[in-house]
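Trainee: The opening residue of the sequence shown carries number 101 in my numbering; numbering runs sequentially from there.
My questions all concern the structure below.
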Amino acid sequence: METLFIENLCFSYGEKCVLNDFSLNFLLEGLTAISGPSGCGKTTLLRLLAGLEKPSGGRIKGIAPEETAILFQEDRLLPWRTVREQISDVLPKERQSETDQWLVFAELEQEKDVYPDALSGGMARRLALARCCALGGKLLLLDEPFAGVDARRRARMMERLKELGTPAILATHEQDVVAACQKVVCLDGAPLRVVSGAIS
């Protein structure tokens, strides 16, 4: 089983230090929640893991950015594409038959032909999450994946996430989501630091 190694990572936005000599190791399996107050650096950490930001120091081992799929805090849906097309567009030709399965995953079968402006905030978030999961990869990086999603649907979708078998890191504030994850890393900052949950 692979381990993600984050070693002595440093990153700043201008004069604001977000990560300073930050280290964290954990196994790439199951669902791992990273929990901490807003602004502590969770989103920046996910962006560094996805290769969207470059650290000024340190390194990440165990996963390559091209092996990850990231769900941003913003849904980033294409307004001119239907719900079904949002999914089918990210699937290669040989996997187009999976489109309906991902609509079931998001509980959006009835909305498959509508456009994003007709969706509620929770529906749009579920669609964005399904699209990210459909991309595949060795690691899912999910930033507030259930924002606006009601508790019952969150619970059902968490079970589906587990069934996928793809390791995922979830940055979340919802305590029921944290409790449903197999591992929890508690963070504080900025600069980001581990309160509990690191593997020595």
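Built from N, CA and C at the ideal position, the CB exists for glycine as well.
Phe172 bridges to which residues according to DSSP?
Mentor: DSSP, once it has assigned bridges, lists no residue as partnering Phe172.
Trainee: Out of Gly151, Glu102, Lys116 and Glu263, point me to the one whose CA is closest to Pro165's CA.
Mentor: The shortest Cα separation from Pro165 among Gly151, Glu102, Lys116 and Glu263 belongs to Gly151.
Trainee: Using the DSSP secondary-structure output, state which residues sit across from Thr103 in a beta bridge.
Mentor: Looking at the DSSP assignment, Thr103 forms a beta bridge with Leu127.
Trainee: For Asp189, which of helix, strand or coil comes out of DSSP?
Mentor: The answer is coil: DSSP assigns Asp189 none of H, G, I, E or B.
Trainee: In its own chain, which residues sit with a C-beta less than 6 Å from the C-beta of Ser300, not counting the 5 before and 5 after it?
Mentor: The predicted model places Ser300 with a pLDDT of 42, which falls under 50 and marks its position as unreliable; any figure quoted below should be read in that light. Contacts found: none.
Trainee: Apart from the five residues just before and just after Pro216, which ones in its own chain have a Cβ nearer than 7 Å to its Cβ?
Mentor: Excluding residues within five positions, the ones whose Cβ falls inside 7 Å are Leu177, Pro179 and Ala224.
Trainee: Which class does Ser300 belong to by DSSP, given the choice of helix, strand or coil?
Mentor: The predicted model places Ser300 with a pLDDT of 42, which falls under 50 and marks its position as unreliable, so this point remains unresolved.
Trainee: May I have the straight-line CA-CA distance separating Ala290 from Ala271, to the nearest angstrom?
Mentor: Distance between the alpha carbons of Ala290 and Ala271 is about 15 Å.
Trainee: DSSP state of Ser197, grouped into three classes?
Mentor: The answer is helix: DSSP assigns Ser197 an H, G or I state.
Trainee: Hey, quick one: how far does the beta strand (DSSP E) through Ala271 stretch, first residue to last?
Mentor: Ala268 to Ala271 is the span of the beta strand (DSSP E), which, as asked, contains Ala271.
Trainee: Taking all protein chains shown into account, decide if Thr144 is buried (16 or more other Cβ within 10 angstroms of its Cβ) or exposed.
Mentor: Buried, since its Cβ has 16 or more Cβ neighbours within 10 Å.
Trainee: What are the boundary residues of the alpha helix (DSSP H) that includes Lys154?
Mentor: Element bounds for Lys154: n/a, residue is neither H nor E.
Trainee: Out of Ala234, Asn120, Glu244 and Val249, state which residue places its alpha-carbon closest to the alpha-carbon of Glu174.
Mentor: Glu174 has its Cα closest to that of Glu244, out of Ala234, Asn120, Glu244 and Val249.
Trainee: In the segment 197-258, which residue ranges form an unbroken alpha helix (DSSP H) of at least 4 residues, counting only runs that do not cross its ends?
Mentor: Qualifying alpha helix (DSSP H) stretches, in chain order: 199-205 and 221-235.
Trainee: Can you tell me whether DSSP reads Ala133 as helix, strand or coil?
Mentor: Three-state result, Ala133: strand.
Trainee: So Cys286 is in the beta strand (DSSP E); what residue range does that whole segment cover?
Mentor: Here the beta strand (DSSP E) through Cys286 covers Lys283 to Asp288.
Trainee: Compare the beta carbon distance of Leu171 and Leu128 with 8 Å and say whether it is the shorter of the two.
Mentor: Result no, Cβ atoms of Leu171 and Leu128 do not sit closer than 8 Å.
Trainee: Compare the Cα-Cα distances from Tyr113 to each of Phe205, Glu153, Asp121 and Ile106 and report the closest residue.
Mentor: Nearest option by C-alpha distance: Glu153.
Trainee: Going by the beta-carbon positions, is the gap between Phe126 and Lys283 smaller than 8 Å?
Mentor: Yes. Within cutoff.
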